[in-house]
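Protein chains: 2
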Amino acid sequence: MTRLAIALGGNALIRRGEPGSTEVQRRNLVAAARGLVTLVEGSRAEIVVTHGNGPQVGFRAIGAEMAASVVPAPPLDVLGAETQGQIGYLLANALDAAFLERGKHRDIAVVVTRTVVAQDDPAFQNPTKPVGPMYDEETAREHARTRGWNIAQDANGWRRVVPSPRPIRIVEARAIRTLVESGVLVVASGGGGVPVIECPEGHFEGSEAVIDKDLAAVVLARSVDADGLLLLSDVDAVYRRWGTPRQEAILRLSVEEALEGLALGAWPAGSMAPKVRACAEFIQGGGRFAAIGAMENAVAIVKGSSGTWFGGESVGLPRRAA
Amino acid sequence: MTRLAIALGGNALIRRGEPGSTEVQRRNLVAAARGLVTLVEGSRAEIVVTHGNGPQVGFRAIGAEMAASVVPAPPLDVLGAETQGQIGYLLANALDAAFLERGKHRDIAVVVTRTVVAQDDPAFQNPTKPVGPMYDEETAREHARTRGWNIAQDANGWRRVVPSPRPIRIVEARAIRTLVESGVLVVASGGGGVPVIECPEGHFEGSEAVIDKDLAAVVLARSVDADGLLLLSDVDAVYRRWGTPRQEAILRLSVEEALEGLALGAWPAGSMAPKVRACAEFIQGGGRFAAIGAMENAVAIVKGSSGTWFGGESVGLPRRAA
Numbered sequence: 002m003t004r005l006a007i008a009l010g011g012n013a014l015i016r017r018g019e020p021g022s023t024e025v026q027r028r029n030l031v032a033a034a035r036g037l038v039t040l041v042e043g044s045r046a047e048i049v050v051t052h053g054n055g056p057q058v059g060f061r062a063i064g065a066e067m068a069a070s071v072v073p074a075p076p077l078d079v080l081g082a083e084t085q086g087q088i089g090y091l092l093a094n095a096l097d098a099a100f101l102e103r104g105k106h107r108d109i110a111v112v113v114t115r116t117v118v119a120q121d122d123p124a125f126q127n128p129t130k131p132v133g134p135m136y137d138e139e140t141a142r143e144h145a146r147t148r149g150w151n152i153a154q155d156a157n158g159w160r161r162v163v164p165s166p167r168p169i170r171i172v173e174a175r176a177i178r179t180l181v182e183s184g185v186l187v188v189a190s191g192g193g194g195v196p197v198i199e200c201p202e203g204h205f206e207g208s209e210a211v212i213d214k215d216l217a218a219v220v221l222a223r224s225v226d227a228d229g230l231l232l233l234s235d236v237d238a239v240y241r242r243w244g245t246p247r248q249e250a251i252l253r254l255s256v257e258e259a260l261e262g263l264a265l266g267a268w269p270a271g272s273m274a275p276k277v278r279a280c281a282e283f284i285q286g287g288g289r290f291a292a293i294g295a296m297e298n299a300v301a302i303v304k305g306s307s308g309t310w311f312g313g314e315s316v317g318l319p320r321r322a323a
Numbered sequence: 002m003t004r005l006a007i008a009l010g011g012n013a014l015i016r017r018g019e020p021g022s023t024e025v026q027r028r029n030l031v032a033a034a035r036g037l038v039t040l041v042e043g044s045r046a047e048i049v050v051t052h053g054n055g056p057q058v059g060f061r062a063i064g065a066e067m068a069a070s071v072v073p074a075p076p077l078d079v080l081g082a083e084t085q086g087q088i089g090y091l092l093a094n095a096l097d098a099a100f101l102e103r104g105k106h107r108d109i110a111v112v113v114t115r116t117v118v119a120q121d122d123p124a125f126q127n128p129t130k131p132v133g134p135m136y137d138e139e140t141a142r143e144h145a146r147t148r149g150w151n152i153a154q155d156a157n158g159w160r161r162v163v164p165s166p167r168p169i170r171i172v173e174a175r176a177i178r179t180l181v182e183s184g185v186l187v188v189a190s191g192g193g194g195v196p197v198i199e200c201p202e203g204h205f206e207g208s209e210a211v212i213d214k215d216l217a218a219v220v221l222a223r224s225v226d227a228d229g230l231l232l233l234s235d236v237d238a239v240y241r242r243w244g245t246p247r248q249e250a251i252l253r254l255s256v257e258e259a260l261e262g263l264a265l266g267a268w269p270a271g272s273m274a275p276k277v278r279a280c281a282e283f284i285q286g287g288g289r290f291a292a293i294g295a296m297e298n299a300v301a302i303v304k305g306s307s308g309t310w311f312g313g314e315s316v317g318l319p320r321r322a323a
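Just so you know, the sequences run in chain order F and H.
Just so we're aligned, residue 2 is where the first sequence starts under my numbering, counting upward by one.
Just so we're aligned, residue 2 is where the second sequence starts under my numbering, counting upward by one.
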C-alpha cells in the first residue's frame, strides 16, 4: 500500500489576516479534512499527517505576553507543544467528521512530538525567524536586555527572532511507526515538532527555536518509510519567474533543477525555498515522489494534474465511479 | 506482566499557591518522574500514565481572558487540548531524564486524548466546577448574559462554573492500547481527556466541560486492561474522621466500605470522594487492585506499606539488591 506523509501549512488553517479564533480554524479544517479523506478514500493510501503552527504559535505568544503580569509566559518550546494539542485536537475532530460523511471510520491519534536538533547547528548563531508580538524599538531593546532575546526590525516594526535549526530525528519515531503500521491515521510533528537538544548525558532539553515544518515532514516521512511526501498549503505550485509578468507554474522539477534553483535563490527563503528543499531532500534520501500544491487540490496533485512534482510517477489515483 | 494505570494530580505538578510557570512544573515533574521510574524499574510493571490539569487549565483560562481583546479566547475544550500538549511534553522530557539517570531508556508517547461524555448526562443541567478567573458580581453577571456562562459565587468571589459529566469511553483507546502492547510508555487522557459528545450522526463535538481525571483514569485503565490503578497526588491516604483531632489514615478499604462512606458523604466532594469512587468502580469492573496515596510514596504504595488499598494484594515489589 502506498504510504504518504502529508504536511498542511499553518497558514492554510488560519489564513493571512484572519483572527486566531477557534471558529476560524474549525471552519478551515473542515475543507482540509475533506480533502485528506478524499485522498485516502480515493487512493487507498495510508497517510501520516503533519501541520504547521506559524499563525497559531504567533497568536499564542502574543496572548502569553499580554497575560504575563499574572500568568508567567511559557517558553517557546512549551507554546509549541500547546499548539500541537490545540491544532491536533481540532484536526482529529475534523477528520472524524469527514470520514463519517462518507460512511467510513478510521482510528486517529495525535502524538505530541519532539524533534531533535543539534546543539551546534549554525542557526543558533544566527536567529532569523520572527515570533510573537511586534514592538517599538525601545521595548524590543529592553526585552533583548532583560530576557536575552535576539531582536530584529522588519517592515512593520521590531520583533523577537529565534533560530530555525535543521530537524535531525523524531524522538517518538518508533511509537508513530507502530501506530501507522497498525492502521491508525497519525497526526504528528505539529509545527515541525518541539525542538529539543540531546544533551551530552542523553536526555532532552527544550530549545527556544522553531523548526521548518516542511523539513520536519521529510524526517517524519522517513521515520514511517513513506513512499511520497505532499506539501499542501495555500499556494498551488512552485513557479518560475514568480512575481513577474512572465511567472509560470512548474509541473515537474528534477532534484538537480531544484538544487540549482535553490542555489540561485529562485524562490523566497521564508516560504517556497524550504518546501523545494524538503522535496529534493526526500527524493535524494530514497523517497519515490514528492509534490507541492494547494490543499484544495490534494486529489488532483496525487493524480499528477495539479501542483509541482518531484521524482517518479503519480500514484494514479483511480477515478471514482460516476 | 503487571500493567498499572497511574494518575498524577494536577495539583502535584503545580502546588497550591505556586505560580503557573514552566519552571515550577519542570521542577515538580523531576520528582514525579523519578517516582514513576523507580516504580517501573522496581516492579517491572508496564505503566500508562495520566495526569490532572486543574491548575494548568485554570492559568490558561485566566491568560486567555486577559489577552481576549487581541487573541480570541479559545473554548474550554481547546484549552484542555493545549494543556495536554503542555503537560505531556514536560512530563515526557522528565521521564526520559529519570530513566537515563538509571542508565535506562523507554519509548514514551503522549497521545492527545478525547473522552466521550453523554449529551444527556445530568451534569449538563447542573454545572458545578469553577474554572478561570475570579470576577466581581457585575462582571460575572455580564459574562453570564453575553456569553451564556453559568456563574456561581464561592468564598472569594464569582466564577464561571462548567459541567463535570461522567467519562464513558476514550476515542483513542485502540491507538493507546496498541502503543502499550508494543512496550511504549504512554501518557494519555491528560486532564481527564478533552470532553466530546458523540453526535447522533456519529462525529464528535467538543464540550465546554471538565472531566474528573480520576474517573477518566478508570476508563483509561479499562481500555488497556490494567491490573491496577494508582491515584497519586499530594495527599498520602484516605482518612477517616478527616479534619478532626481523631483523623486516621485508612490502610485498606473494601468496595462495600467505600460505597457506604461515599453515600454518607465521608469525604470531600471535590477531592477525595471522586478518588474513592474511581477505585471502587475500577475494582467493581474487574480490576485487581487500586490505591490512593502520595506521589512521593509510589513505590511504598505498590508494596502495600503506604496509602490506602482497595481490592487484592500488593504487587509485592521486589526489594532492590543492596
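Think of the CB as a built atom: it goes at the ideal place given N, C-alpha and C, for glycine as much as any other residue.
Please confirm if Leu136/H has its CB atom under 8 Å from at least one CB of chain F.
-> Residue mapping note: residue 136/H aligns to position 135 of the second sequence, counting from 1. In the sequence on display, residue 136/H carries Tyr and not Leu. Chain F contact via Cβ: absent.
CB contact flag (Val185/H, Ile109/H, <8 Å) = Locating residue 185/H in the second sequence gives position 184, counting from the first residue. Locating residue 109/H in the second sequence gives position 108, counting from the first residue. A contact, by the Cβ cut-off of 8 Å.
If we ignore side chains and look at the alpha-carbon of each, how far apart do Glu173/H and Val112/F end up?
-> Indexing the second sequence from 1 puts residue 173/H at position 172. Indexing the first sequence from 1 puts residue 112/F at position 111. Taking the straight line from one Cα to the other gives about 11 Å.
Over the uninterrupted beta strand (DSSP E) stretch that includes Gln154/H, give me the two end residues.
-> Here residue 154/H is taken as the residue at index 153 of the second sequence, counted from 1. Gln154/H -> beta strand (DSSP E) spans Asn151 to Asp155.
Compare the Cα-Cα distances from Glu24/H to each of Val38/F, Val25/F and Val72/F and report the closest residue.
-> Translated into positions along the second sequence, residue 24/H becomes position 23. For Glu24/H, the nearest C-alpha among the options comes from Val72/F.
Mind the definition here: the region 251–268 of chain F touches the region 276–293 of chain F only if three or more C-beta pairs lie below 8 Å; say whether that holds.
-> yes
Check whether the region 10–20 of chain F touches the region 61–80 of chain F, counting contact only when three or more Cβ pairs, one atom from each stretch, lie closer than 8 Å.
-> no
Rounded separation between Ala176/H and Pro20/H - CA only | Position 175 of the second sequence, counting from 1, holds the residue named residue 176/H. Position 19 of the second sequence, counting from 1, holds the residue named residue 20/H. Roughly 35 Å between the two C-alpha positions.
Grab me the residues of Arg107/F's own chain with a C-beta within less than 6 Å of its C-beta, minus the 5 sequence neighbours each way, in chain order.
-> Position 106 of the first sequence holds residue 107/F. Cβ within range, chain order: Phe100 and Leu186.
Is Pro134/F helix, strand or coil when you go by DSSP?
-> Taking the first sequence and counting its residues from 1, the one referred to as residue 134/F is at position 133. Strand at Pro134/F.
Inter-residue Cα distance where the pair is Ala68/F and Arg142/H | Here residue 68/F is taken as the residue at index 67 of the first sequence, counted from 1. Here residue 142/H is taken as the residue at index 141 of the second sequence, counted from 1. About 23 Å.
Does the Cβ-Cβ distance between Asp78/F and Glu209/F come in under 8 Å?
-> Here residue 78/F corresponds to residue number 77 of the first sequence, with the count starting at 1. Here residue 209/F corresponds to residue number 208 of the first sequence, with the count starting at 1. Yes, the Cβ-Cβ distance between Asp78/F and Glu209/F is below 8 Å.
Glu42/H to Ala95/H, Cα distance in whole Å?
-> As a working note, residue 42/H is residue 41 in the second sequence. As a working note, residue 95/H is residue 94 in the second sequence. Taking the straight line from one Cα to the other gives about 16 Å.
What are the boundary residues of the alpha helix (DSSP H) that includes Ser234/F?
-> Residue 234/F sits at position 233 when you count from the first residue of the first sequence. Run containing Ser234/F: none in the alpha helix (DSSP H); it sits in the beta strand (DSSP E), Gly229 to Ser234.
Less than 8 Å between the CB atoms is what I'm expecting for Gly36/F and Ala299/F, so what's the real figure, rounded?
-> Position 35 of the first sequence, counted from the start, is the residue given in the question as residue 36/F. Position 298 of the first sequence, counted from the start, is the residue given in the question as residue 299/F. Rounded, the Cβ-Cβ distance is 4 Å, consistent with contact.
Please confirm if Gly193/H has its CB atom under 8 Å from at least one CB of chain F.
-> Here residue 193/H refers to the residue found at position 192 when the second sequence is read from its first residue. Gly193/H does not count as touching chain F.
Report the residue ranges of all alpha helix (DSSP H) runs contained in full by the region 176–263 of chain H; include only those spanning at least 4 residues, in chain order.
-> 214–224
Which word fits Val157/F, buried or exposed, when buried means at least 16 other C-beta atoms lie within 10 angstroms of its C-beta?
-> Working through the first sequence from its first residue, we reach residue 157/F at position 156. It is worth fixing the name first, because residue 157/F is Asn in this sequence and not Val. Counting Cβ neighbours within 10 Å, Asn157/F comes out exposed, since fewer than 16 surround it.
Any Cβ of chain H within less than 8 Å of the Cβ of Asn94/F?
-> Within the first sequence, numbered from 1, the residue matching residue 94/F stands at position 93. Chain H, which has a Cβ nearer than 8 Å to the Cβ of Asn94/F, makes this yes.
Listing by chain order, which chain H residues have their CB less than 7 Å from the CB of Ala176/F?
-> If you number the first sequence from 1, residue 176/F lands on position 175. Result: Asp108, Ala110, Leu180 and Val185.
Using the C-alpha atoms, what's the distance from Ala153/H back to Met135/H?
-> Looking up residue 135/H in the second sequence gives position 134. Looking up residue 153/H in the second sequence gives position 152. Approximately 10 Å, taken between the alpha carbons.
Pro246/H burial status per 10 Å Cβ neighbour count (16 or more: buried) = Reading the second sequence from its first residue, position 245 is the one you call residue 246/H. Exposed is the call here.
With burial defined as no fewer than 16 other Cβ atoms inside 10 Å of the residue's Cβ, what is the status of Gly308/H: buried or exposed?
-> Taking the second sequence and counting its residues from 1, one reaches residue 308/H at position 307. It is buried - the Cβ of Gly308/H has at least 16 other Cβ atoms within 10 Å.
Measure from the C-beta of Leu101/H to each C-beta in chain F and report whether the shortest distance is under 8 Å.
-> Sequence index remark: in the second sequence, residue 101/H carries index 100 (1-based). Yes, Leu101/H counts as interfacial toward chain F.
Below 8 Å between beta carbons: does that hold for Gly133/H and Arg160/H?
-> Counted from its first residue, the second sequence places residue 133/H at position 132. Counted from its first residue, the second sequence places residue 160/H at position 159. Against a cut-off of 8 Å, the Cβ pair of Arg160/H and Gly133/H comes out as a contact.
Closer than 8 Å at the beta carbon, the chain F residues around Arg242/H = Translated into positions along the second sequence, residue 242/H becomes position 241. Within chain F, no residue comes near Arg242/H; the closest Cβ sits about 38 Å away, beyond 8 Å.
Would Trp310/H pass as a contact of Ala295/H if the rule is Cβ separation under 8 Å?
-> As a first step, residue 310/H must be located in the second sequence, where it is residue number 309. As a first step, residue 295/H must be located in the second sequence, where it is residue number 294. Contact flag unset, no.
Chain H contacts made by the region 202–220 of chain F, where a contact means CB separation under 9 Å = Glu202, Gly203, His204, Phe205, Glu206 and Gly207
Below 6 Å CB to CB, which residues in the same chain sit around Ala46/F once its five sequence neighbours on both sides are set aside?
-> The count along the first sequence starts at 1 and reaches residue 46/F at position 45. The answer, listed in chain order, is Thr3 and Leu5.
Using a Cβ cut-off of 8 Å (strictly closer), state whether Gly18/H contacts chain F.
-> For the purposes of this step, residue 18/H is identified with residue 17 of the second sequence, where counting begins at 1. Taking Cβ atoms only, chain F never reaches closer than 8 Å to Gly18/H, which makes this a no.
Contact set for Arg253/F: own chain, Cβ-Cβ below 8 Å, skip 5 residues either direction = For the purposes of this step, residue 253/F is taken as the residue at position 252 of the first sequence. Counting only Cβ-Cβ distances below 8 Å, and skipping sequence neighbours, we find Thr309, Trp310 and Phe311.
Neighbour-count burial assignment, Ala264/F, 16 or more Cβ in a 10 Å radius | Residue numbering aside, residue 264/F sits at position 263 when the first sequence is read from its first letter. It is exposed - the Cβ of Ala264/F has fewer than 16 other Cβ atoms within 10 Å.
Indicate whether at least one CB of chain H lies closer than 8 Å to the CB of Gln57/F.
-> By one-based count along the first sequence, residue 57/F stands at place 56. Chain H, which has no Cβ nearer than 8 Å to the Cβ of Gln57/F, makes this no.
Do the CB positions of Gly229/F and Thr51/F come within less than 8 Å of each other?
-> Sequence index remark: in the first sequence, residue 229/F carries index 228 (1-based). Sequence index remark: in the first sequence, residue 51/F carries index 50 (1-based). Their beta carbons are not under 8 Å apart, which means Gly229/F does not touch Thr51/F by this criterion.
Cutoff 6 Å; reference Trp150/F; Cβ partners in own chain excluding five residues on either side = Residue 150/F sits at position 149 when you count from the first residue of the first sequence. Result list for Trp150/F: His144 and Arg161, in chain order.
Backbone secondary structure at Ala323/F - three-state DSSP | Working through the first sequence from its first residue, we reach residue 323/F at position 322. In this prediction, Ala323/F scores a pLDDT of 31, lower than 50, which makes its location untrustworthy; the coordinate-derived value is nonetheless stated afterwards. Coil, per DSSP.
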